[in-house]
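*Asks:*
Numbering (the UniProt record's numbering), first residue to last: 1 to 249.
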């Protein structure tokens, strides 16, 4: 009888929870679809602005052309150059700028990074020989785990492993800062990070892993590199920083 009763309760719970799980899943898919649509729209606007500037530049140069054909050629070249300039450091700048614009318009779309505790206070204290009186509040980013290579259009996880230690073993109030840089043809360009650039979080003392997700532009050229930089600080002390790079295949 107990077994049947338990099974019945589980079935009832499942029948109640499954619709909610379905609703949450659908909501997430809908939010992702809305973000994708917004990004495409913003990219189109950015590209149009760049092309427009190119046309103006081309027409300006065309005024000094010797003949009509010369003027038409210069205007066309100006439009082409404008389109390239509009993309700035390539499609990457337009893509991440579009995401940043969409997040500013819709703050609820900004993804929350995941934090998971991996080692407790006592274990980390022993491993790094932490001295509360000597070290005080201490943070340290040991490494960032992320793929070395990715394909255009991929979404990769970036797991940053860090420690946060407080003298009395209480929860740690830490400050995160994230940076993203594209390296293309030997040139480095700082990009808007697709998420929260700076934020304060309260974590359990010890070792934690913070995981963020990076979407790679579908138009990313093979050989393009993206460098992710993650920094953690606490109690006004200098930040501990680590960086890792992914290369588009």
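The beta carbon of each residue, even a glycine, is placed where N, CA and C say it ideally should be.
Please report the straight-line C-alpha distance between residue 217 and residue 168, rounded to a whole angstrom.
*Replies:* Their Cα atoms are separated by approximately 45 Å.
*Asks:* Just to confirm before moving on: does the CB-CB distance between residue 128 and residue 194 stay below 8 Å?
*Replies:* Their beta carbons are not under 8 Å apart, which means residue 128 does not touch residue 194 by this criterion.
*Asks:* Kindly list the residues whose CB is nearer than 8 Å to the CB of residue 248, restricted to its own chain and excluding five residues on each side of it in sequence; keep chain order.
*Replies:* Answer for residue 248: 149, 150, 151, 152, 216, 220, 221, 222, 223, 224, 225 and 226, listed in chain order.
*Asks:* How would you call residue 141, buried or exposed, if buried means at least 16 neighbouring beta carbons within 10 angstroms?
*Replies:* Looking at its Cβ environment, which holds 16 or more other Cβ atoms inside 10 Å, residue 141 is buried.
*Asks:* Within 10 angstroms of its Cβ, does residue 43 collect 16 or more other Cβ (buried), or is it exposed?
*Replies:* Per the 10 Å Cβ criterion, buried.
*Asks:* Straight-line CA distance for residue 94 to residue 120?
*Replies:* Looking at the two C-alpha atoms, the distance is approximately 42 Å.
*Asks:* Helix, strand or coil for residue 124? Go by DSSP, reduced to three states.
*Replies:* Three-state DSSP puts residue 124 in a helix.
*Asks:* Would you identify the three-state DSSP class for residue 37, choosing helix, strand or coil?
*Replies:* The answer is helix: DSSP assigns residue 37 an H, G or I state.
*Asks:* What does the Cβ neighbour count give for residue 79, buried or exposed, with the cut at 16 atoms within 10 Å?
*Replies:* Summary for residue 79: the model assigns pLDDT 42, below 50, so the residue's position carries little reliability; its value from the coordinates is reported in the next sentence. Buried, by the Cβ-count rule.
*Asks:* Could you check the C-alpha separation between residue 236 and residue 48 for me, to the nearest Å?
*Replies:* Approximately 44 Å, taken between the alpha carbons.
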